[in-house]
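The structure under discussion appears below in the form of structure tokens.
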Amino acid sequence: LFDASWARGTAATFPLSQGQLIQGWVDGIPGMQVGERRVLLIPSDLAYGDSPPPGIEPGETLLFIVELRGVGAG
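Last residue of the sequence shown: 1164 in the working numbering, with the numbers rising by one and none dropped.
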């Protein structure tokens, strides 16, 4: 599974809160500075576990490269 907002030329926007994102993102993004890139290697227990969406295998470790482009209010 591969998704790249860089290739689309648009940034993904989302609230950083539990219930909105996988736990690995909630744990891995805080502390980032605007412009920083970070590699998130997320084990299945902090992602989708044994009930992933289509395209991801149960128990699969996920790899993301994220770049913080900005921070909004609220």
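Glycine residues also receive a C-beta, built at the ideal position from the N, C-alpha and C atoms.
Note that the structure is a prediction, hence the values are computed from the model and not measured.
Exposed is the label assigned to Gly-1121, since fewer than 16 other Cβ atoms lie within 10 Å of its Cβ. Residue ranges of uninterrupted alpha helix (DSSP H) with 4 or more members, entirely inside the region 1104-1155 and ordered along the chain, are 1113-1118. Under the DSSP assignment, Ala-1097 falls in the alpha helix (DSSP H) whose first and last residues are 1095-1098. Remark: C-beta atoms of Arg-1128 and Ile-1155 approach each other more closely than 9 Å. Of the residues assessed, Ser-1095 falls on the exposed side of the cut-off, its CB having fewer than 16 other CB atoms within 10 angstroms.
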